[in-house]
Each structure stands twice: as C-alpha cells, then as structure tokens.
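Novice:
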Amino acid sequence: GQNIDQPTEMTATEGAIVQINCTYQTSGFNGLFWYQQHAGEAPTFLSYNVLDGLEEKGRFSSFLSRSKGYSYLLLKELQMKDSASYLCAVRFNYQLIWGAGTKLIIKP
Amino acid sequence: DAEITQSPRHKITETGRQVTLACHQTWNHNNMFWYRQDLGHGLRLIHYSYGVHDTNKGEVSDGYSVSRSNTEDLPLTLESAASSQTSVYFCASSPLFRQGGAGELFFGEGSRLTVL
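Listed in order, the protein sequences are those of chains A and B. First residue of the first sequence: 17, per the numbering used here; consecutive thereafter. First residue of the second sequence: 174, per the numbering used here; consecutive thereafter.
Now the structure itself:
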C-alpha cells in the first residue's frame, strides 16, 4: 500500500528553526509537495521536489532523498504566522497521496 | 486575478437529502479535484476530472458523484447524505503535469458540510 508519515504535532519558539520530516512508501514517485494550511483555511503550495537535494525559498527550504523515501521542510526565523499545519504529499501515476499533516505550534 | 471558488461555504442538511457543492475556477485548468478532510486523516480524494466530460473515482467515491460539462465547473453531489459525510470539502484545480512545472494544486476555500 501507499503510506506517508509525518509527526502529528511539533512545538517551536519564535525566531528559532524547525524541521518537519516526512517519510513515504509508495509504488512510484513523480515528485513531493509541501503545503501550508492555516486553521480553517485552504492548503497553499509551499514547495516541490522531484530531484534529490535542497530547494530554498526564502525562510523555507525543502529537502528530498528519493533513495531513503524521505523529505523535510525547514523553517527558519520562525514567526507567529507560521503556526499552521504542514502537509506532505507524494505524486505518482498523476495522483497525490497525502500525509495527515503536522500541526506546528509557535510559542513566543 | 484567477481564482477557484466554492459554494456554499457552510451547509447543514439532514440525512437522506441530496446536496450539491459547487466549484468554479477561472484558472482555465484542465484538472479538477474534490477532496474531503477529516481530523486525523490526510486529504482524501473523492472524484477527479482531467477535462470536459471526463470524470474518475477517487479512493472515497461511494455516495458521491460529479459531472464536468465545461472547463470551469465541477459540482459535487451527495445523492443521499449520511452522517459519515460530515466533513470539510475542498475543491482544487491544477495545470497539466505534462506541461511542465510542478503542476501544483490550487484549492478553494472549502465547504463545511454537516449532516444531521
């Protein structure tokens, strides 16, 4: 079967750095997405990795290792507005498989 | 600006009633999707469409139907609402993956449905 695992919840301090991990077991792979979802709102696209390595986009970076079935989202200089759920999704055969999401709580 | 909109945003209905959730996008995307989101679960795919007159079942399609008569709209119908269908429903659209780029999904604001 297809499976994506993420921690359910994480807590971090404003101004700090946090890494949210995602591991996957799927029968194929055409890319990995990270989305941000604030409470009561729609998911919004953050990043896309299809090759191994690190993709940096401002305060957010996403890493992929296809051989390990592993990705992480790195958030730097945390702000209170980063309090949200972060969803990992793997695409294969033109379909997306979603993790349950990681709720990130930012404390002052 | 292009957008994707859902209506109604909130709906309360009774068991057995037929309910239709509307989704309209102005991105001119070929691909459209309906998901439901419940606590403890990832987004689960209900139905999807890759173009006009094309519809496909997702992993949780029982009790739901869709139709695609034009590029902009993909309404979701619950034929006979059940309490298990109480959920938040998201419509999304995306460009063709083959056209290059990530082909990321653009989501509507969501429709919260309660079935009593």
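Ideal placement from N, C-alpha and C gives every residue a C-beta, glycine not left out. Keep in mind the model is a prediction, meaning the values are calculated, not measured.
Please work out which residues of its chain come closer than 6 Å, Cβ to Cβ, to Y5 (chain A), disregarding the five sequence neighbours upstream and downstream, and give them in chain order.
Specialist: There is simply no residue 5 (chain A) to check, as chain A begins at 17 and stops at 124 in what is shown.
Novice: With DSSP as the reference, identify every bridge partner of E71 (chain A), one or two as the case may be.
Specialist: Here the question's residue 71 (chain A) lines up with position 55 in the first sequence. DSSP output for E71 (chain A) lists A:S78 as bridge partner(s).
Novice: Which residue's Cα is closest to the Cα of Q22 (chain A): A:Y51, A:N109 and A:Q111?
Specialist: For the purposes of this step, residue 22 (chain A) is taken as the residue at position 6 of the first sequence. Closest by alpha carbon: A:Y51.
Novice: Among B:Y223, B:T188 and B:S256, which one has its Cα closest to the Cα of W207 (chain B)?
Specialist: Your numbering for residue 207 (chain B) matches position 34 in the second sequence. Per the Cα distances, B:Y223.
Novice: Using a Cβ cut-off of 8 Å (strictly closer), state whether E282 (chain B) contacts chain A.
Specialist: Here residue 282 (chain B) refers to the residue found at position 109 of the second sequence. So yes, E282 (chain B) belongs to the interface.
Novice: By Cβ distance below 8 Å, which residues in the same chain neighbour Q53 (chain A) in space, the five residues on each side in sequence not counted?
Specialist: Counted from its first residue, the first sequence places residue 53 (chain A) at position 37. So the qualifying residues of the chain are P59, T60, A100, S101, Y102, L103 and G117.
Novice: Whole angstroms is fine: what's the gap from A175 (chain B)'s alpha carbon to T244 (chain B)'s?
Specialist: Taking the first residue of the second sequence as position 1, residue 175 (chain B) is located at position 2. Taking the first residue of the second sequence as position 1, residue 244 (chain B) is located at position 71. Near 14 Å, if we compare the C-alpha coordinates of T244 (chain B) and A175 (chain B).
Novice: Select from A:A32, A:K123 and A:K119 the residue whose C-alpha is nearest the C-alpha of M26 (chain A).
Specialist: For this step, residue 26 (chain A) is matched to residue 10 along the first sequence. Of A:A32, A:K123 and A:K119, the residue nearest in Cα terms is A:K119.
Novice: Let me confirm a value: V225 (chain B) is counted as buried when at least 16 other C-beta atoms fall within 10 Å, else exposed. Which label applies?
Specialist: Sequence index remark: in the second sequence, residue 225 (chain B) carries index 52 (1-based). V225 (chain B) comes out exposed.
Novice: By the 10 Å Cβ neighbour count, where 16 or more other Cβ atoms means buried, how is Q272 (chain B) classified, buried or exposed?
Specialist: In the second sequence, residue 272 (chain B) corresponds to position 99, counting from 1. Confidence is the limiting factor: at Q272 (chain B) the pLDDT is only 48, short of 50, which leaves the residue's position unreliable and the question unanswerable from this model.
Novice: Counting pairs of beta carbons, one from the region 253-263 of chain B and one from the region 274-283 of chain B, are three or more of them closer than 8 Å?
Specialist: yes
Novice: For I122 (chain A), count the other beta carbons within 10 Å of its own beta carbon; 16 or more makes it buried, fewer makes it exposed. Which is it?
Specialist: Locating residue 122 (chain A) in the first sequence gives position 106, counting from the first residue. By the neighbour-count rule (16 or more Cβ atoms within 10 Å), I122 (chain A) is buried.
Novice: G224 (chain B) bridges to which residues according to DSSP?
Specialist: Reading the second sequence from its first residue, position 51 is the one you call residue 224 (chain B). G224 (chain B) pairs with B:D227.
Novice: Could you check where the beta strand (DSSP E) with M26 (chain A) kicks off and where it finishes?
Specialist: In the first sequence, counting from the first residue as 1, residue 26 (chain A) sits at position 10. E25 to T29 is the extent of the beta strand (DSSP E) around M26 (chain A).
Novice: Which of the three DSSP states is assigned to L191 (chain B) in this structure?
Specialist: Along the second sequence, read from residue 1 onward, the residue named residue 191 (chain B) stands at position 18. What sits at residue 191 (chain B) in the sequence shown is Gln, not Leu. Of the three classes helix, strand and coil, the one that applies to Q191 (chain B) here is coil, per DSSP.
Novice: Kindly indicate which three-state DSSP category S256 (chain B) falls into: helix, strand or coil?
Specialist: Taking the second sequence and counting its residues from 1, one reaches residue 256 (chain B) at position 83. Of the three classes helix, strand and coil, the one that applies to S256 (chain B) here is helix, per DSSP.
Novice: Distance check for V66 (chain A) and R82 (chain A), CA to CA, integer angstroms please.
Specialist: Within the first sequence, the letter at position 66 stands for residue 82 (chain A). Within the first sequence, the letter at position 50 stands for residue 66 (chain A). Each residue's alpha carbon lies about 9 Å from the other.
Novice: Counting only the same chain and skipping the five closest in sequence on each side, list residues whose C-beta sits under 6 Å from that of L269 (chain B).
Specialist: The residue given as residue 269 (chain B) occupies position 96 in the second sequence. Cβ within range, chain order: N203.
Novice: Do you know how far the Cα of F108 (chain A) is from the Cα of G44 (chain A)?
Specialist: Stepping through the first sequence from its first residue, residue 44 (chain A) is reached at position 28. Stepping through the first sequence from its first residue, residue 108 (chain A) is reached at position 92. So the alpha carbons of these two residues sit roughly 5 Å apart.
Novice: 8 Å is my cut-off, CB to CB: does G224 (chain B) come that close to chain A?
Specialist: Locating residue 224 (chain B) in the second sequence gives position 51, where the first residue counts as 1. No, because no Cβ of chain A sits closer than 8 Å to the Cβ of G224 (chain B).
Novice: If we ignore side chains and look at the alpha-carbon of each, how far apart do I113 (chain A) and G17 (chain A) end up?
Specialist: Numbered from 1 along the first sequence, position 97 holds the residue referred to as residue 113 (chain A). Numbered from 1 along the first sequence, position 1 holds the residue referred to as residue 17 (chain A). When rounded, the distance between both Cα atoms is 11 Å.
Novice: For K184 (chain B), which three-state DSSP category applies?
Specialist: Your numbering for residue 184 (chain B) matches position 11 in the second sequence. K184 (chain B): strand per DSSP, three-state reduction.
Novice: Since F49 (chain A) meets chain B, which of its residues come closer than 9 Å, beta carbon to beta carbon?
Specialist: As a first step, residue 49 (chain A) is located in the first sequence; it is residue number 33 there, counting from the start. Ordered by position in chain B, the residues that pass the 9 Å Cβ test against F49 (chain A) are A275, E277 and L278.
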